[in-house]
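Structure first, then comments.
In this note's numbering, the protein residues as written are 1 to 247.
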């Protein structure tokens, strides 16, 4: 979930596979047969093709993916190429802010500029480039939304919530996996219920819409976000919870 396609798409790729940094043009080789046949890896072949200079028109002929999406994919890869030419010692506020606004993670930026995730995070904090918390609009702007469904975005200017209460933060088990999702989600939900029995307010961080832990009435605040060091620390720094429970 993001405030533009590029941000939402790159977050989604990282959520599906924690070994993927985003729309990475260096994961796969260009293969036109793989571009014609839809598979779970085609997106990365597409990224490689864009980096090699394939035009949107050519890729439309090969993939039949709508040109609107292809233009958005091109935006990401073009910016990735720009980042690769940036000196890690001289990355400016504007360059870093734009990267975050189109969905680049700290780790993804670090790979492109030949630095480290922690160095990028430190610089981002020095520049005060931090995400804003927004409520998910469950009523399509028909009237003001008032939900505990939340997400982070760099395309904002204010938070939709205040941070004046103490919560306990519980981390979910993430993407749906046969044999682990239901079992670990039971642990997370049991933890939330026990904390509520003790009079504690709770924050759930998870991104599997099929699980019980992401139901609106399971926690006081639900962050529908990727479970990574960067994002968990961003939420932690904003919320300053009284504790964190790992599932």
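We put the CB at the ideal spot given by N, CA and C, even for glycine.
Since this is a predicted model, take the numbers as computed values, not measurements.
- Straight through space, the alpha carbons of residue 186 and residue 90 are spaced by roughly 47 angstroms.
- Annotation for residue 88: 113, 114, 115 place their beta carbon closer than 7 angstroms to its own, counting only its chain and skipping 5 residues before and after.
- Here residue 15 is buried, its C-beta having at least 16 other C-beta atoms within 10 Å.
- Taken through DSSP and simplified to helix, strand or coil, residue 118 comes out as helix.
- DSSP places residue 63 within a helical segment (H, G or I) once states are collapsed to three.
- Pairwise C-beta distances place the region 60 to 79 in contact with the region 36 to 52, as three or more of them are shorter than 8 angstroms.
- Rounded to whole angstroms, the separation of the alpha carbons of residue 240 and residue 194 is 20 angstroms.
- Note that the region 145 to 153 does not touch the region 163 to 170; fewer than 3 beta-carbon pairs, one per stretch, sit closer than 8 angstroms.
- When the Cα atoms are used, residue 93 and residue 106 turn out to be separated by approximately 14 angstroms.
- Looking at the DSSP output, residue 135 shares a beta bridge with 150.
- Membership of residue 223 in the beta strand (DSSP E) is indicated by the continuous run 221 to 224.
- In the structure shown, residue 23 falls within a coil segment according to DSSP collapsed to helix, strand and coil.
- When DSSP states are grouped into helix, strand and coil, residue 206 belongs to the strand group.
- When secondary structure is reduced to three states using DSSP, residue 28 falls in the coil class, being assigned neither helix nor strand.
- Here DSSP, grouped into helix, strand and coil, assigns residue 69 to helix.
- Fully contained in the region 74 to 113 are the following alpha helix (DSSP H) runs of length 4 or more, in chain order: 93 to 101, 106 to 113.
- For residue 177, the closest alpha carbon among the candidates 125, 108, 210 is that of 210.
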